[in-house]
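Student: So that we are looking at the same thing, I have put the structure below in structure tokens.
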Amino acid sequence: MDRKVNDDGCDCLVSVDCTDCRIEEPHPFSTIWYSHKFNGPGLRYELALSIKSGHIVWINGPYECGLWADIEIFRNSLISFLDAGERVEADDGYIGEEPKTCKTPGGFSSRTELQNKYRMRLRSRHETVNSRLKNFGVLKERFRHTLKNHSSAFRACAVIVELAIELGEPLFSL
Amino acid sequence: MANEPTERYWSDLGLSLVNRPSNDSDHSKRVFKSHYGCSAVVVMKCWSLIRSLTLISSVKGLKPCHLLWALLFLKAYQTEMVLSSTTKASEKCTRKWVWLIIEAIAALEDHVVSICLISM
């Protein structure tokens, strides 16, 4: 699904966030896998949703949780695919890219009450996609297979969630 | 594509696999979704896409129930021993089809999820 569907000329077309998934402790032990969310090893994926259509338009990962902060993942890949002047809606983890490529709640570009409420709903909607993904036990529980298999499992779940959004289970409107 | 399984076919097949009665009620739909993580319509679309866009259809012995095995695995994430007692197949056979189908669904990413990377 194209992120420019229903584009009305706004500089923000997508909302971006990362989600962590538990894995078994890789051997040998290393802190590069540490996820502060679980206080244990995990893999991190970046997801982007089209603001206008509510479809998943980007999946990136997996990354080692202890090695890659959300903003580093963004800088590593998605940032290079944005158009000139285009920005993304994100949480405060991305404040280092404010205001050039990100809009964050803590940034100075978020001023009016109405805009802040809209952005809060936008980020809440993004969390519902993470929640739908975590409805799959393979992403919710500690992953017992190889790391390569985790990437396939995550992408398969994301494809199913996106198909469900397309086929009658849309996200709430903003 | 001719002779594509219908939504009702997937619903009946899915519910019989988990030993649940099948009918058109909302309850049946909820039971289906709680076992497979998505509705029968999504399964129908997914089957159609993986058959038309991936190489999975060239694999000998592929059956619709294998897609349900993979979805059951993704949703419940049971151990292979537990899953194989549901699928009524050997652990080796279950493992083979589950991961083949998961790889095929994941390969749909470029078709289903795309940011339209090239600016025009």
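Residue numbers (the working numbering), protein chains in the order written: chain A, 68 to 241; chain B, -15 to 104.
Using N, Cα and C, we set each Cβ at its ideal position, and we do this for glycine too.
#1: My output table needs one value for residue 101 (chain B): the three-state DSSP class, helix, strand or coil.
#2: Assuming the contact rule is C-beta atoms closer than 8 Å, residue 93 (chain B) and residue 226 (chain A) should be a hit. Round their C-beta distance to whole Å, please.
#3: Could you name the residues of the same chain whose beta carbon sits closer than 7 Å to that of residue 91 (chain B), not counting the 5 residues immediately before and after it, in chain order?
#4: Which term fits residue 94 (chain A), buried or exposed, when burial requires 16 or more other beta carbons within 10 angstroms of its beta carbon?
#5: List the residues of chain A that residue 15 (chain B) touches, going by C-beta distances under 7 Å, in chain order.
#6: Cβ closer than 8 Å: which chain A residues qualify as neighbours of residue 113 (chain B)?
#7: Which residues in the same chain have their Cβ closer than 6 Å to the Cβ of residue 86 (chain A), if we skip the five residues on either side of it in sequence?
#8: How many whole angstroms separate the CB atoms of residue 222 (chain A) and residue 91 (chain A), which I take to be in contact at a CB cut-off of 8 Å?
#9: Under a three-way DSSP split, which group does residue 172 (chain A) fall into?
#10: Determine, for residue 22 (chain B), whether the minimum Cβ-Cβ distance to residues of chain A falls below 8 Å.
#11: Quick one: what's residue 109 (chain A) bridged to in DSSP?
#12: Please compile the residues from chain B whose C-beta is within a distance smaller than 7 Å of the C-beta of residue 222 (chain A).
#13: What's the C-alpha gap between residue 213 (chain A) and residue 219 (chain A)?
#14: Note down, in chain order, each residue of its chain lying with its Cβ closer than 6 Å to the Cβ of residue 157 (chain A), except the 5 sequence neighbours on either side.
#15: By a C-beta neighbour count over all protein chains shown, 10 Å radius and 16 as the cutoff for buried, is residue 104 (chain B) buried or exposed?
#16: Output the boundary residues of the beta strand (DSSP E) element that contains residue 154 (chain A).
#17: I'd like to know whether the C-beta of residue 126 (chain A) is nearer than 8 Å to at least one C-beta of chain B.
#18: Pick from B:89, B:56 and B:75: whose alpha carbon is nearest that of residue 2 (chain B)?
#19: Using a Cβ-Cβ distance under 8 Å, would residue 61 (chain B) count as near chain A?
#20: Helix, strand or coil for residue 73 (chain B), going by three-state DSSP, please let me know.
#21: When the Cβ atoms of the stretch 194 to 209 of chain A are set against those of the stretch -8 to 10 of chain B, are three or more pairs found closer than 8 Å?
#22: Going along chain A, which residues have a C-beta under 9 Å from residue 49 (chain B)?
#23: Taking all protein chains shown into account, decide if residue 137 (chain A) is buried (16 or more other Cβ within 10 angstroms of its Cβ) or exposed.
#24: Between A:202, A:140 and A:122, which has its C-alpha nearest residue 234 (chain A)'s C-alpha?
Tutor: The answer reads as follows:
#1: For residue 101 (chain B), the predicted structure reports a pLDDT of 47, less than 50, and the residue's modelled location is therefore unreliable. The matter cannot be settled from this model.
#2: 6 Å
#3: 38
#4: exposed
#5: Result: empty, since nearest Cβ-Cβ is about 15 Å, beyond 7 Å.
#6: Since the first and last residues shown for chain B are -15 and 104, residue 113 (chain B) lies out of range.
#7: 112 and 197
#8: Not confirmed; about 20 Å, so no contact.
#9: coil
#10: yes
#11: A:89
#12: 90 and 93
#13: 10 Å
#14: 83, 169 and 171
#15: Caution is warranted here: a pLDDT of 35 is assigned to residue 104 (chain B), below 50, making its placement in the model unreliable, and the coordinate value is therefore given only provisionally. Residue 104 (chain B) is exposed by the Cβ-count criterion.
#16: 154 to 156
#17: yes
#18: B:56
#19: yes
#20: coil
#21: no
#22: The contacting residues do not exist; residue 49 (chain B) stays about 17 Å from chain A at best.
#23: buried
#24: A:122
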